Amino acid sequence: MNEHSRILEREKVDIAETLREADLRLPAVLPRESYPIEPVTPDARQQTRAIGQRATRADGRLHGLGQTKYIDDLSFPGMLYARIKRAGIASARIKRIDTSAAEAMPGVMAVLTGKEIPVNSFGPSFQDQPVLVDDLVFHAGDGVAAVAAVTEQIANEALEKIVVEYEPLPAVFDPIEAMRDDAHKVHAPNSNIYATKVIRKGDVDKGFAESDHIFEGRFSTQMIEHVSLEPHAAIADWDANGRLTAYATIGRITLARSDMARTLKLPMSRIRIVGTVVGGNFGGKNEITQEPALALLSKKAGRPVKGVFTRGEEFTSTTTRHPIVMDYKTGVTKNGRILARQIRLVLDGGAYCSWSETTLGKACILSPGPYKIDNVLAEAFVVYTNKTMTGAMRGFGAPQVCFAYESHMDDIATALKMDPLEIRLLNAFDEGSPSPTGQVLHSVVVKETLRKAADRFGWEPRS
Amino acid sequence: MKKRGRGIACMWYPIGFTVSANPSAATVKVNEDGTATVLTGTVETGQGSLTVLAQIAAEALGIATDDVHVVSADTDTTPMDTGAIASRTTYVTGNAIWLAAEAAKAILFETAAPMLGVKVSQLEAKDRKIQVKNFPQRNVSIGEVAYRSQVVLGHPAIGSASWNPPTVAMDPETGQGKPFATYVYATQIAEVDVDDETGEVEVLRIAAAHDCGTAINPMLVEGQVEGGISMGLGMALQEEMLFDANGRLINPNLTNYIMPTSLDMPELHVDIVQGFDPTGPFGAKGVGEPTAVPTAAAILNAIHDAVGVRVTALPATAEKVLAAIKAKRAAEQPKQIPA
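Protein chains in written order, with our numbering: chain Y, 498 to 960; chain F, 2 to 340.
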């Protein structure tokens, strides 16, 4: 018997047996069992040449034994549960919010609306996102009020008792339509186009004039949710000195603290953010969501407050991947060498900026692909629509533009009767190649990856 | 009938923020027994970054991964960090930890040099010892040196450092500049079966070759690639948030928003193309996000190769693929002139 199976044997607990034997007047509990604290230490973690080792993760064992504590596993004495009422309408003016019936419910300890938030806006580039909306609803997933109650069930019932009267407003959902001058302005009086980016290198007109063939294509992608296993979750707790601790499943505690300081108008020294083990991020947990609301509910109620988003809220009320409409025009020689490429990207930014400005920049810079092209013109726009906000998601626009430039590349190869691998090797960056922004690239191995993958796949040119 | 096709896609992807500062700071404390504690403000988001960061500190100090404990993600106790974003943890936080470990090691060397009767410049840290370069018989254990530093000399071996990737602002008119310190590269090749009667696509296998500079932990790199491919697969074929005419989401649940499961995963062949980036910690760059970048493009090119249709709007659902096949057939039919 090896060490691993010995441990499995030692930890084996017969749950049915335990329940049968338990005194039924007491809650059924598992028998006392000491933690198996001797770590299984495979050799890789013991090597003193640590780099390059296939070292197992220190937290892997805790995950395997169910000992990892996520937000949902944490509890504090007297803790309340928060829920947020969602607008359910994409564009509207709030005429009236009546929270009195909810506040009167037994078990409801605090109710919060947007007007009570000291500085009701946040965002990494532009602070255009409210914690809970004030007067205007910008997308259906917006929060309009929050409740803290002794149980989640009571908090849910209290949401039903909050009455909100809306005056519906015009809305715009299509990013191309949103660019028109006569389109509904999501954040009037500002233009819906809230950020742009241009990359200009060489002379595309000259490049097209010198090309033997010109190819054009339009590609588009969809809105995608990160779907982390663990939803957005946090606990807010104050001490008697007025110091706030927020436990949150978030990838950026430094930014979270400055966002909390801004929205709550508190000095940073009075805020502590503890980042708990994050059960999946993929870009979706790079900024605060409900944390300021939980902090204010906690302050009102004088109790710790926990908030955990439902799966539905994960879709309607957190950031998602940008849909992008991508127009490509490429001029090539008859031998398949790319001379010029012109690109226009329109990113659907949703209701708030979030990480859109970053996504816009990365998508635009990467959009010509990993290829040596002397003449490039790439223009990118991100526009507001009355939909769930788009933000950071694994790749920041790169999977979208890669789909476009690589589909386009194969269309060119097909038309020129070239092997897809060959046309890529012909155009790919080398060590020291200039990027579309004029940067001299180092540690460039794109051709090595092409050859390695082709070798592993068994790629043979077809006659 | 099922038609088989293959598709290739390569990509480039930057590490860190676009131009703007995204520093990391770190503290490395060598304990009196020669083990170490790392303080970092980054967060473990499931990718295994804390293990990689422990490996970087261990390598710099000449000790084992298991000798290093990483404390992370508490604004009261850990130094600032821009966080788990932009595939930057190994590269940026890793560099900060490397520099902090070197600063702690410099204190150990100061203590060890007179113990071994040599100059500081002659020392190296290896195998939990501080030893003389090219004369390893002359050595003393790191624990002994750390104890002497802290308890006898009163100079504990603690190092702190920060690092920010060097960039050059982009010209607002032309976009010319150096927005990122470094980039990684990758290629994925997919093989698919497309049923030309139903439009259904099955991804059979994917060969993925990824660059991450030095692979600090090849197992965790492979894990990232496998996870990235599953996200790319969902983007290629299945996942899509759909809105009604009033802007309300109609599928905010996992019954109607279809993600790939383990049963949808193809056979994967992951290769790490070993490189070395002199600007990264021990030559490392990063790998998190780029793994999800080329998958959808490779699968769509394979569909094109299999049935000759180009789906230009993701996801390539069976309905969309079938509609494209039917449109292609209709276009190929000779025009019937009514009698």
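Cβ atoms here follow ideal geometry from the backbone N, Cα and C, with glycine treated the same way. Being a predicted model, the structure only gives us computed values, none of them experimental.
Chain order gives the chain Y residues near K127 of chain F as T545, where near means a beta carbon separation below 8 Å. Contact between the region 612–620 of chain Y and the region 755–762 of chain Y is present: 3 or more CB-CB pairs across the two stretches fall below 8 Å.
Apart from the 5 residues on each side of it in sequence, P820 of chain Y sits with its Cβ closer than 6 Å to the Cβ of T718, Q719, M720, D845 in its chain, given in chain order. Counting C-beta pairs with one atom in each stretch, the region 243–254 of chain F and the region 799–819 of chain Y have three or more that are closer than 8 Å, which means they touch.
About 6 Å separates the Cβ atoms of I300 of chain F and G8 of chain F, confirming a contact at the 8 Å cut-off.
Contact between the region 895–914 of chain Y and the region 925–933 of chain Y is not established, with fewer than three Cβ pairs separated by less than 8 Å. Between the alpha carbons of G858 of chain Y and A798 of chain Y lies a gap of roughly 43 Å. Where F136 of chain F is concerned, the enclosing beta strand (DSSP E) starts and stops at 136–142. Cβ neighbours of S163 of chain F within its own chain (closer than 6 Å, five residues either side excluded): P24, A26, A97. Cβ contact annotation for G200 of chain F (same chain, cutoff 6 Å, sequence separation greater than five): A319, V322, L323, in chain order.
DSSP links Y663 of chain Y through a beta bridge to Y:I591. Taking a C-beta distance under 8 Å as the contact criterion, A297 of chain F and F900 of chain Y qualify as a contact pair. For K179 of chain F, a Cβ of chain Y is located within less than 8 Å of the residue's own Cβ.
Under the DSSP assignment, W99 of chain F falls in the alpha helix (DSSP H) whose first and last residues are 95–117. Around the beta carbon of H905 of chain Y, a 10 Å sphere encloses 16 or more other beta carbons of the protein chains shown; the residue is thus reported as buried.
Close CB contacts of F277 of chain F within its chain, under the 8 Å cut and outside five residues either way in sequence, are with G214, T215, G284 (chain order). Within the region 844–856 of chain Y, T855 place their CB atoms closer than 7 Å to a CB of chain F, listed in sequence order. Not a single C-beta of chain F is nearer than 8 Å to the C-beta of K682 of chain Y.
The beta carbon of E664 of chain Y lies closer than 7 Å to those of A589, R590, K592 in the same chain, with the five residues before and after it left out.
The count of Cβ pairs closer than 8 Å, one atom from the region 689–698 of chain Y and one from the region 735–752 of chain Y, stays below three, leaving the stretches out of contact. Residues of the region 611–643 of chain Y that bring their beta carbon within less than 9 Å of a beta carbon in chain F comprise H636, A637, G638, in sequence order. Of all alpha-carbon atoms in F:G309, F:A317, F:I338, the one lying nearest the alpha-carbon of I326 of chain F is that of F:G309. Per the C-alpha coordinates, the member of Y:P958, Y:V605, Y:L571, Y:E713 positioned closest to G828 of chain Y is Y:E713.
Looking from the CA of T751 of chain Y, the closest CA among Y:R769, Y:T760, Y:D736, Y:M606 belongs to Y:R769.
Not a single CB atom of chain Y sits nearer than 8 Å to the CB of D34 of chain F. Residue range 672–675 is occupied by the alpha helix (DSSP H) that includes I673 of chain Y.
For Q839 of chain Y, the uninterrupted beta strand (DSSP E) segment begins and ends at 835–845.
Within 10 angstroms of the beta-carbon of D82 of chain F lie 16 or more other beta-carbons, which makes it buried. Annotation for A85 of chain F: T43, V44, T46, S50 place their beta carbon closer than 7 Å to its own, counting only its chain and skipping 5 residues before and after.
In this structure, Y:I673 is the residue among Y:G611, Y:L794, Y:I747, Y:I673 with its C-alpha nearest to the C-alpha of D824 of chain Y. If you look at I230 of chain F, you'll find it in the alpha helix (DSSP H) that goes 219–238. Within its own chain, the residues whose Cβ lies closer than 6 Å to the Cβ of V660 of chain Y, once the five positions on either side in sequence are excluded, are D595, listed in chain order. At a cut-off of 8 Å, the C-beta of T786 of chain Y has no neighbouring C-beta in chain F. For R754 of chain Y, the uninterrupted alpha helix (DSSP H) run begins and ends at 750–761, by DSSP.
The way I'd put it, the region 263–277 of chain F doesn't touch the region 836–844 of chain Y; fewer than three beta-carbon pairs between them come closer than 8 Å. Only G214, T215, A216, I217, N218, P219, M220, L221, G229 from the region 213–230 of chain F bring a Cβ to less than 8 Å from some Cβ of chain Y.
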